[in-house]
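Start counting the sequence shown at 2; every next residue gets the next number (the numbering used here).
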Amino acid sequence: MSILSKLFGGGGSVKPDAEPVTYEDFRIFPEPIADGGQHRIAARIEKEVGGETKTHHLIRADTLGDPEAAAEASVAKAKQLIDQQGERLFD
C-alpha cells in the first residue's frame, strides 16, 4: 500500500490510464483519488527537462462527488499550478 493510500484511506486513482493533457509543454495526467464516496483532486504533472522526465504529484484536499468532474478539476488545478510555478515544480 502506498503512502498516499495510507494517508487518504485507499481507493486508488479513478483513471489510472487516462490520456495526458498537454499544457505549456507539460503533460497532465488527471488521477482523482476515490475517498469515501467522493473523489479527491489529484494529478501527475510531467515534463522533459534536460533529457530527463521530471514528475510532480498534485494532491488537493478538495473533493467532488462525480469522478469526471474531479478529473476536470484536477486538470484545472494542475494548469493553475503550472502557471504559478513553471519548472520550479521540480525543485
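From the three backbone atoms N, C-alpha and C, an ideal C-beta is built for every residue, glycine too.
In the three-state reduction of the DSSP assignment, residue 84 falls in the helix class, which pools H, G and I. In this structure residue 39 is in contact with residue 64, their Cβ atoms being roughly 4 angstroms apart against a cut-off of 8 angstroms.
In the structure shown, residue 31 falls within a strand segment according to DSSP collapsed to helix, strand and coil.
Within the same chain, 28, 29 and 30 come within 7 angstroms of residue 21 by CB-CB distance, once the 5 residues on both sides are set aside. Annotation: the continuous beta strand (DSSP E) that includes residue 65 extends over 53-65.
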